[in-house]
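Protein chains in written order, with this note's numbering: chain A, 4 to 489; chain B, 324 to 806. Here's the structure we're looking at; comments come further down.
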Amino acid sequence: MKIGFLGHNGFALGAEDSPVLVDPILYRRYGEEYTSSPVEIYPPRLIDIDRMPRPAAVIISHEHSDHFHLPSLNKLDKSTPIIVGPTMIDTVVECIESLGLTVTRLPFGEPASFGSVIVTLFPPGPDTVLWESRVSQVYVLDASEPDRGGVFLGIDAATSTDLIDAVSSGRLPAPGVVAMSNNAQVTPPGVFGSLDCYRPAGQTAVRYRGQGFPGLDILGEVVASAVEQSEIFRGAHILLCGGGFLKDYEQMGPFPFSEQQEMARLARQLVRHMDVVGPVPGDVVEVREHGIEKVGELSWLGVDQERFAELIHRRESFLARRDSIAMRCIENADEESEDAAFACIERELTYLSRVLLLSDFGRRMAVSPSAYPFVLKLKYLTRPDRSFRFDLAAGAFEEAADLPLDDSVAAYPEGILIHAVDLAAVLRGDLQYWDVVGIAMRTWFDGDALSSPVALFYDALGEQVRPDLSCRVYQQQLEYLEKENA
Amino acid sequence: MSPASLTFLGHQSWLVEIGDTRVLVDPVLTDSFGHSDRLRFEIYPARQVAVEKMPSLDAVLVTNEHLDHFHLNSLDLLPPETRILMPRMMPKVCVRALEDAGRQVELVELGAVRRIGAVDVVFVPGGPDAPMWENRVASVFVRHAEEKVGGVFIQSDTSIAVPSLEGGCDPDIVVATHNGQVPPAGHLGAFDNMLPVGSADFAEVTGLRLLHGVLSDVVANFPSVRYVTFSGGGYVQVPAKHGEFLWGDFEQLAGIASRLSLTTRVLGMSPGQTVVVGDGAEVRYCQAEWIDPAEPSRPVAPSDKEAVAEPDLSEPLLPLFDEQLTGEDRALVESELQLMAPLLMQANLGRHLITQNTYLDKPVGPHRFAVHMRGFDAAGEADDGSRTFVLNFNNGRFEEQPLDLRDCLFSVPSGIDVNAVDLVAVLRGRIHIWELAVSRMRQWYLCDKFDSPVGFLYGYYSEQVRPELAAELYRNVRALAWR
């Protein structure tokens, strides 16, 4: 079976004239319909949408904006079946249907034929983080050789135990290829990443994520841990994908260790009896006797080599200069918008308090010596900043004297600094939380990043539990498309 | 700030020079180490150390008692007035061996700072999880005594821990122990299993896990370290057991690792190479004039990581020694086995075996640990002379049983397969148990590898537990006097 790579986590599987597309982003960027800070797929691509073959079906694995892009789906012929899993949120289905397309929810574990392939969806494994828990993992077999190992797309989740059971019991052949996402988004010193911990200059107590051997950590995760998940992956080859976006770190360029081709080259020297390949957008690969081989290129999508080289060069010189990037404000901040921002934040403070109290973070803090374990520090451009500390005994936020950032870090074990207008935009649904983490925030915490309030809000403000906020950007996308049509 | 210069002598031997003070760590200065002329462990890549041209030393540090660190033949080559420092817990038998040759040994408390010329040295204890036979191993930290910054941290055969020192501990360079010693396909390493049970490790990612493990330990303890280099696994056996270890090429590994970091560079050093770090400038390399690259005494085949082969258990297990066993030897073996029995039953291996009541789908009787000895008796027409002694867990005694190796593997859940004459050599202090285990002994078991028969024997026949055997080894090795 041919595997065409569209970049990031997008694939064109099976017959080249009638492929099944998975998570296609058919624009160079996504998000520009609603934010000044859109995300570009990386390596950068040239796409000739008119030459794209008519897909036999399109599968959307889950709701995140790097997988589900309404403007891309709007490019499809209206008769193209759109396939989603049983746990896809309703708003996504409704939005796709509003484009005139037909959406089918395919039950987990039930094979369905589209064009030259057989697709089976699986629920993610139990170790998956909550914000990825609605991923439908995709297992694709060649319909002409259904007993031969297929392609397993793990997407952003831990491997499905249902898949492991199905293969172990002989109901499905073991995968020949496992596509793993390298979504590490490592940032160099001087660039604050999504789950980084801010410390005042000179304080190095907490290990900074970009220190040491983050590239090796990535390979440990996406190659070694992937294989070690289950015996069913013995004999499978790994296709490194994901990590394929440029966030708005304009000066830095692409994330270090996000060139999957190079990562795979290094990994191959450390593994045996298996192949690790990192395709670039436009590559068509196939499993042959000795591993994964490139067998061709897509006619309608490929790497924009000139921009690719320019971006790599940009990062190299950024690193050589040991440059840094200051915290950004994404929304427009003037007196009027800053006036309006607080009302919007205040409305959600009770919700955020409850989230904190009910979480692992809250349970941890209940036995901590600090009465105020967390502070929300709101940055303003037209007036003084304001701080809201979380009073554990009261179970609520209360306003406290605002301190300079480094003093705040000393006074509170954990905290978030964000522009009031940006937080308000997230809480209104004008931005997604993903759009502001890292670049437009400074966060600090005591323990593991994944149990910090920053990560907690991935869950609390994400599409699944707050579709009222997070899904509003879909409406903005639809409005944008209407305007475009008109 | 004074630069630190670090010279690699091969395997795990290092010369550190800071502010004109020179400290030699775990020196093996000869071509090979090992206690017998029947089995040498030749430093690889091979090199020749011209001891007479070596710069004068302010001290020698020995981090532990194992034969590749505490190497008497090398220490004997040093001028008699050389200061020798060892951790306080070093087995007395090692200290005596040096004192017998008229040397003074300074024992240093773990974690204590000892001033030598311009530098402070510290023996740093490892983490609490080291197996018994490595629990006295200390790493070494050396830095300028006045400046109290930078310095060199040399990991020994233990996990890394950060010493608590005035001004912290922030080395310019960390020497990380890479003791992977991954044999090529078809060969069993010391801890490997004769049973074809799926190991908990996935062989596909052995190399990746190895590199990740070594460097994670460094970064967890020294998050901002700028340079790392590797040591360990730098020997080949003579006579040959197999070609190069897999993922033992430091230069290749260093190249890969450096590409996977933004802040840290891994330097792949070869014996004789010196690096100078810590004066703010980029690292500088030079070649020590007193260490010359040499040809190995036997060709060392490169190993193919992609090769696929299963160990051939029917291949003969040639003995290292060729003497016929005497009646005294046989009596020694039998009495040693009986002495070992209660200790084996108390060890994790025994605790595991007493709960293992089925094996290959059959109930397990009282016989749960076998010692299959080849050439125990003279070979006859229908008898190759092999004998098997099996530990009866219901009476705590080894009993001779009429089982050949195949019978053993199919009916006894754990055991070792060894030439009787080689086992006698261990019991008489001619070779160390490690030398036998890595070369001509095989084992089978169904528990964690550190609890395996070899793991037990490493502890039981260690210098700590059997100092009289170590003393005999040291007497014998001095008599060899080969270089």
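No residue lacks a Cβ here, since even glycine has one placed at the ideal position from N, Cα and C. Note that the structure is a prediction, hence the values are computed from the model and not measured.
Mark residue i as exposed unless 16 or more other C-beta atoms lie within 10 angstroms of its C-beta, in which case mark it buried.
i	result
Ala208 of chain A	Residue placement at Ala208 of chain A is poorly supported in this model, since its pLDDT is 49, which falls under 50; the coordinates still yield a value, given next. So Ala208 of chain A counts as exposed.
Gln214 of chain A	buried
Gln575 of chain B	exposed
Glu485 of chain A	exposed
Ile677 of chain B	exposed
Glu646 of chain B	exposed
Glu638 of chain B	exposed
Ser327 of chain A	exposed
Phe733 of chain B	exposed
Lys5 of chain A	buried
Asn488 of chain A	exposed
His394 of chain B	buried
Going by Cα to Cα distance, which pick from the options is closest to residue i?
i	options	result
Ala611 of chain B	B:Pro326, B:Thr330, B:Ser325	B:Thr330
Gln232 of chain A	A:Asn335, A:Thr131, A:Gln480, A:Lys486	A:Thr131
Pro378 of chain B	B:Phe712, B:Ile614, B:Asp727, B:Arg532	B:Ile614
Ala373 of chain B	B:Gly595, B:Gly578, B:Pro665	B:Gly595
Arg331 of chain A	A:Ile421, A:Leu49, A:Pro126, A:Pro176	A:Ile421
Gln308 of chain A	A:Pro47, A:Leu29, A:Glu19, A:Gly10	A:Pro47
Asp388 of chain A	A:Arg271, A:Leu9, A:Ile62, A:Leu406	A:Leu406
Ala336 of chain A	A:Ile235, A:Gly256, A:Leu384, A:Phe364	A:Leu384
Val528 of chain B	A:Glu224, A:Phe345, A:Val194	A:Glu224
Pro41 of chain A	A:Met444, A:Glu482, A:Leu459, A:Val439	A:Val439
His510 of chain B	B:Leu488, B:Asp627, B:Arg437, B:Leu433	B:Asp627
Ala468 of chain B	B:Ser462, B:Thr344, B:Glu388, B:Pro519	B:Thr344
Glu292 of chain A	A:Val194, A:Arg151, A:Glu19	A:Arg151
Pro414 of chain B	B:Ala461, B:Thr405, B:Pro451, B:Leu401	B:Ala461
Ala160 of chain A	A:Gly153, A:Gly128, A:His276	A:Gly128
Ser336 of chain B	B:Ala702, B:His358, B:Phe525, B:Asn387	B:Asn387
List the residues that DSSP assigns as beta-bridge partners of residue i.
i	result
Asn718 of chain B	Answer by DSSP bridge pairing: none, since Asn718 of chain B is not bridged.
Pro519 of chain B	Paired residue(s): none; Pro519 of chain B is not in a bridge.
Tyr33 of chain A	A:Val42
Pro616 of chain B	B:Arg370
Glu404 of chain B	Partner(s): none; Glu404 of chain B has no beta bridge.
Pro448 of chain B	B:Ala461
Gln560 of chain B	B:Phe364
Gln610 of chain B	B:Gln596
Asn742 of chain B	B:Arg697
Met444 of chain A	A:Ile421
Which residues in the same chain as residue i place their Cβ atom closer than 7 angstroms to its Cβ, once the five residues preceding and following it in sequence are excluded?
i	result
Arg806 of chain B	With a pLDDT of 42 at Arg806 of chain B, under the threshold of 50, the predicted position of this residue should be treated as unreliable, though the coordinate-derived value follows. Around Arg806 of chain B: Thr353, Asp354.
Pro470 of chain A	Ile92, Thr94
Lys376 of chain B	Glu612, Trp613
Gln480 of chain A	Glu36, Tyr37, Leu73, Pro74
Once the 5 residues before and after residue i are set aside, which same chain residues still bring their CB inside 6 angstroms of it?
i	result
Phe14 of chain A	Val25
Asn396 of chain B	Thr353
Thr123 of chain A	Pro114, Tyr142
Ser139 of chain A	Ser64, Gly88, Leu124
Ser261 of chain A	Gly246
Gly530 of chain B	Trp570
Phe391 of chain A	Leu379, Phe400, Glu402
Arg588 of chain B	Tyr550, Ser581
Ala693 of chain B	Thr711, Val713, Cys731, Val735, Gly738
Leu792 of chain B	Gly752
Spatial neighbours of residue i within its chain, please: C-beta separation below 8 angstroms, excluding the five flanking residues on both sides.
i	result
Ala802 of chain B	none
Leu472 of chain A	Val429, Leu430, Arg431, Gly432, Leu464
Gly193 of chain A	Arg325, Asp326, Ser327, Ile328
If contact means a Cβ-Cβ distance below 8 angstroms, which residues of the stretch 267 to 288 of chain A contact chain B? Leu269, Ala270, Gln272, Leu273, Val274, Arg275, His276, Met277
Between the stretch 532 to 557 of chain B and chain A, which residues of the former have a C-beta closer than 7 angstroms to a C-beta of the latter? Arg532, Leu534, His535, Leu538, Val542, Pro546, Ser547
Quick one, which residues of the stretch 184 to 205 of chain A are near chain B if we go by CB-CB under 8 angstroms, in chain order? Val189, Pro191, Pro192
Short of 9 angstroms Cβ to Cβ, which residues in the stretch 364 to 388 of chain A face chain B? none
Between the stretch 484 to 509 of chain B and chain A, which residues of the former have CB atoms less than 8 angstroms from a CB of the latter, in chain order? none
What residues from the stretch 222 to 235 of chain A come within 7 angstroms of chain B, judged by C-beta to C-beta, listed N to C? Leu222, Gly223, Val226, Ala227, Val230, Glu231
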